[in-house]
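Chemist: Sharing a structure below in structure tokens format, with a few things to ask.
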Amino acid sequence: MAEQSHTVDYGRMTAIINCMGDGVIATDVSGIINYMNSSAEQITGWQQQEALGRELTAVFSLFHAETNEPLPLPLQEIMAAGEPMGLMPETMLRCRDGSGKYLSASCASIRDARGKVSGAVIVFRDITRRKKAEEQLLKAKEAAEAANRAKSEFLANMSHEIRTPINGIIGMIDLTLLTPLNSEQRDNLLTAKKCADSLLLIINDILDFSKIEAGKMKIEAVPFNLRELLGEIMKTHGVSAQKKGLKLKKRLDASVPVFLIGDPTRLRQVIDNLVNNAIKFTEQGHVTLSVQKTGERDGKVHLQFAVSDTGIGIERHMMGKLFQSFSQVDSSTTRKFGGTGLGLVISKQLVEKMGGSIWAHSEPGMGSTFAFSLPFLPAEKSVLPKEQEPVKLFKVSRPRTILVVEDDRVNQEVLARLLKERGHRVDVADNGLEALAMHAANAYDLILMDIQMPQMDGIEAAARIRERERGGRHTPIVALTAFALQGDRERFLSLGMDEYLPKPIRMEELYAMVDRVLSTGRQAAFRGHVSLNADGELVVTDNKEGAITELAAHLPELEALLVKLQEACAECDLERTELYAHKMKELFFTLEAEELKYAMFKIELAARRGNSNDTALLLSRFQDLFATYKKVLCNRREGICVF
């Protein structure tokens, strides 16, 4: 009876194993196959009767998927192990017909009733389809990434190709507006400039959409004045509303804080989009911008912004298309009103990235309301950045020699004439090679460098100039480029540029950038410049003795900052090094200590570019220079050398 029962159990077990989708092969202690189930037959291509009595390696031959090298099956290790062992992931089986199949397998020893090892068992699964699907998925992912890179490159090139002529158009209009004009000519030019600005807005929409889609749009957290921001928006759109006979209203709830921390640029972009749309689709009546406080949570104030109009309204069944890419509720509106169909989708994505939500309510013929809510941290007025004075069109008191490197003839003329309007001396180079030759022959206070040029581009030219100036003087280089994708500024700074100005270049932005880089802005006009002459005497221009007095008064503060700078540099903390170098540079700038400011500027740049060796070397030189200044200041009693 026992033998009959054993036979029944064995038969039942065999039937169960044969129903498994996994292959099963068993061997004795010598590695001779004594069992194979049906799935193993299908996977290996060997019939059980053929395989029985053969060595395992004859039927179960393994090799590496990438190298095609044979992989031994460690039977003795398997049988000695107390727990199942798995095969390496890239293992393939050589089937009887010579083909290969990917396997997922587990091996274990077989023990008899007394616990003695009597053989081994291998349970394996054919995962070839899964591996091929993974490979196809990987190829698809790589293809998608390549397509995305190609799209980004296309957008950059498209941006360059379109922005270059727009730069010339806007620049020439700005220059012409500076000349005597009658009222009709001025109106025509202002209209032309408005059209160029509209074209630029469309380009920016496409680029913004691409940046958001790629997850590269960064949201800032800076203090700003909400009341001023809303006032600027009302002024911006007031003219277009007035031309259509519309009333543009603003309602700011009394409970709304004036000073907030957030991203004012992106907030303004969203409101601009909504107000612009409201004016565009409203023929009579009014457009109202309202802001109210909806609550406070987790230390943040939640505000609701709403733009309401008395315009054409939107059909209920079309509301779902409002926030879809390249979509408009009626294709006829594209022709009548213009636009890319990206404004609302960009607004939605920006609001969501800032931690809020956006929605709309509309009825045909009754107007529309677009609203969004956002959280903000409250801010104190004291933390707001000091208001910058607008750039005035006057000759600078200290004309500089500037090299413009630009291959486009129109842009050359625009830049040269704009700079000459401020009294600067300007040389022009057509490409990087010419720029190198002119830099070698002349000392320039500033180089404005286009990036994409024939023969030698701006990046290579800047790198060669930096190599040539290593350990010596440092000529500031500002990248002028129509590339306008996320990360461009950081990339250009890391490659040796000092600043970055995207095209199309506006007159006010150009003047502000030049003033900032050369430190010839409004702060530079109230005192003379302090430096040391060849005899080690303090020299100050314009006979302003107060400059030296203030430098001496700020010595304790400067020494404290220098200690922190030295500690950061010694710890190779380049982020802190850059921070303290920047603070000292700004203080030297305020005190008009040009030589010290320039030396600290080089330390700041070296730290920003991640070059710890150059940072340490420049700091060592600065310490010697600063020590000389301190000694002269401390020993000075009377007299001042003036030139």
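Note that the sequence shown covers residues 3 to 645 in our numbering. A virtual CB, placed ideally from N, CA and C, is assigned to each residue, including glycine.
Please work out which residues of its chain come closer than 7 angstroms, Cβ to Cβ, to Met22, disregarding the five sequence neighbours upstream and downstream, and give them in chain order.
Modeler: So the list reads Asn39 and Ser41, once near-sequence residues are dropped.
Chemist: Which residues in the same chain have their Cβ closer than 6 angstroms to the Cβ of His363, if we skip the five residues on either side of it in sequence?
Modeler: Excluding sequence neighbours, His363 sits near Thr371.
Chemist: Give the single residue among Lys566, Met458, Lys599 and Ser614 whose Cα lies nearest to the Cα of Cys574.
Modeler: Of Lys566, Met458, Lys599 and Ser614, the residue nearest in Cα terms is Ser614.
Chemist: For Pro377, does the count of other Cβ atoms within 10 angstroms reach 16, so buried, or fall short, so exposed?
Modeler: Buried: at least 16 other Cβ atoms inside 10 Å.
Chemist: According to DSSP, simplified to helix, strand and coil, what is Asn444?
Modeler: Three-state result, Asn444: coil.
Chemist: Helix, strand or coil: which one does DSSP assign to Lys632?
Modeler: Residue state, collapsed to three classes: helix.
Chemist: Please classify Asn279 as buried or exposed, where buried requires at least 16 neighbouring CB atoms within 10 angstroms.
Modeler: Per the 10 Å Cβ criterion, buried.
Chemist: From Glu539 to Asp199, what does the alpha carbon distance come to, in whole angstroms?
Modeler: Here the model assigns Glu539 a pLDDT of 45, short of 50, so the residue's position is not dependable, and the following value carries that caveat. Cα-Cα distance, rounded: 53 angstroms.
Chemist: Does the beta-carbon of Ser333 have 16 or more other beta-carbons within 10 angstroms, so that it is buried, or is it exposed?
Modeler: Unreliable placement is indicated for Ser333, whose pLDDT of 42 sits below 50; the coordinate value is still reported in the next sentence. Exposed is the call here.
Chemist: Please state if the CB of Val277 and the CB of His239 are separated by a distance shorter than 8 angstroms.
Modeler: It is a contact, given that the beta carbons lie within the stated cut-off.
Chemist: In terms of alpha-carbon separation, which member of Lys118, Asp410, Glu365 and Ile129 lies closest to Lys103?
Modeler: Ranking the options by Cα distance to Lys103, first place goes to Ile129.
Chemist: What do you get for Asp300, buried or exposed, if any count of 16 or more other CB atoms within 10 angstroms of its CB means buried?
Modeler: By the 10 Å Cβ count, Asp300 comes out exposed.
Chemist: Since Thr284 and Gly313 are thought to touch, with beta carbons under 8 angstroms apart, how far apart are those beta carbons, to the nearest angstrom?
Modeler: Sure, about 4 angstroms apart at Cβ, within 8 angstroms.
Chemist: Any idea if Val565 is buried or exposed, counting beta-carbon neighbours within 10 angstroms, 16 or more meaning buried?
Modeler: Exposed, by the Cβ-count rule.
Chemist: So for His304, helix, strand or coil by DSSP?
Modeler: The answer is strand: DSSP assigns His304 an E or B state.
Chemist: Helix, strand or coil, according to DSSP, for Met602 in the structure here?
Modeler: Looking at Met602 - three-state DSSP - the assignment turns out to be helix.
Chemist: Can you find the residues in the same chain that come closer than 6 angstroms, C-beta to C-beta, to Ile360, ignoring five residues on each side of it along the sequence?
Modeler: Cβ within range, chain order: Lys350, Val353 and Phe374.
Chemist: Hey, could you find the ends of the beta strand (DSSP E) Gln294 is sitting in?
Modeler: Its beta strand (DSSP E) spans residues His288 to Arg299.
Chemist: Do Val125 and Asn24 come within 8 angstroms of each other at the CB atom, strictly closer than that value?
Modeler: Here residue 24 is Asp; the residue named in the question, Asn, does not match the sequence. The answer is yes: Cβ separation under 8 angstroms.
Chemist: How about the segment 94-103 and the segment 135-155: do they share at least three Cβ pairs that are nearer than 8 angstroms?
Modeler: Short answer: they don't touch.
Chemist: Cutting at 6 angstroms between CB atoms, please list the residues of its own chain near Arg419, excluding the five before and the five after it.
Modeler: Counting only Cβ-Cβ distances below 6 angstroms, and skipping sequence neighbours, we find Leu177.
Chemist: Determine the contact status of Met451 and Val407, defining contact as a CB-CB distance below 8 angstroms.
Modeler: Yes; because the gap between Cβ atoms is below 8 angstroms, this pair is in contact.
Chemist: Take Ala194 as the anchor and find which of Glu186, Ile175, Pro182 and Leu202 has the nearest alpha-carbon.
Modeler: Per the Cα distances, Ile175.
Chemist: Buried or exposed: Pro392, going by 16 or more other Cβ atoms within 10 Å of its Cβ?
Modeler: Low confidence applies here, because Pro392 scores a pLDDT of 42, under 50, leaving its location unreliable and the question unanswered by this model.
Chemist: Which residue or residues does DSSP assign as beta-bridge partners of Ser185?
Modeler: Per DSSP, none; premise fails for Ser185.
Chemist: I'd like the list of long-range same chain contacts for Lys252, defined as Cβ closer than 7 angstroms, with 5 residues on each side in sequence excluded.
Modeler: Within the same chain, Lys252 has close Cβ partners Leu232, Met236 and Leu291.
Chemist: Between Ala629 and Met602, which are expected to be in contact by the criterion C-beta below 8 angstroms, what is the C-beta distance as a whole number of angstroms?
Modeler: Going by Cβ atoms, the distance from Ala629 to Met602 rounds to 14 angstroms, so no, they are not a contact pair.
Chemist: Should Glu606 go down as buried or exposed, given a rule of 16 or more other Cβ atoms within 10 Å for buried?
Modeler: Buried, by the Cβ-count rule.
Chemist: On the DSSP bridge list, what partners appear for Glu222?
Modeler: Glu222 pairs with nothing; no bridge assigned.
Chemist: Can you check which of these residues, Ile45, Ala135 and Ile27, is closest to Ala122 by C-alpha distance?
Modeler: Comparing Cα positions, the closest option is Ile27.
Chemist: Using DSSP with H/G/I as helix, E/B as strand and the rest coil, what is Phe528?
Modeler: Residue confidence for Phe528 is low, a pLDDT of 31 falling below 50, so the modelled location carries little weight and cannot support an answer.
Chemist: Hey, how far is the Cα of Thr46 from the Cα of Ala67?
Modeler: Computed Cα separation, rounded: 16 angstroms.
Chemist: Where do the N-terminal and C-terminal ends of the beta strand (DSSP E) with Arg427 fall, by residue?
Modeler: From DSSP, the beta strand (DSSP E) with Arg427 extends over Arg427 to Ala431.
Chemist: Is Lys338 helix, strand or coil when you go by DSSP?
Modeler: Since pLDDT at Lys338 reaches only 45, below the 50 mark, its modelled position is unreliable, and the value read off the structure follows with that caveat. Helix, per DSSP.
Chemist: Looking at the unbroken beta strand (DSSP E) that takes in Thr483, where does it start and where does it end?
Modeler: Here the beta strand (DSSP E) through Thr483 covers Ile479 to Thr483.
Chemist: Which same chain residues end up closer than 6 angstroms to Tyr631 when comparing Cβ atoms and leaving out the 5 residues on each side of it in sequence?
Modeler: Result list for Tyr631: empty, nothing under 6 angstroms.
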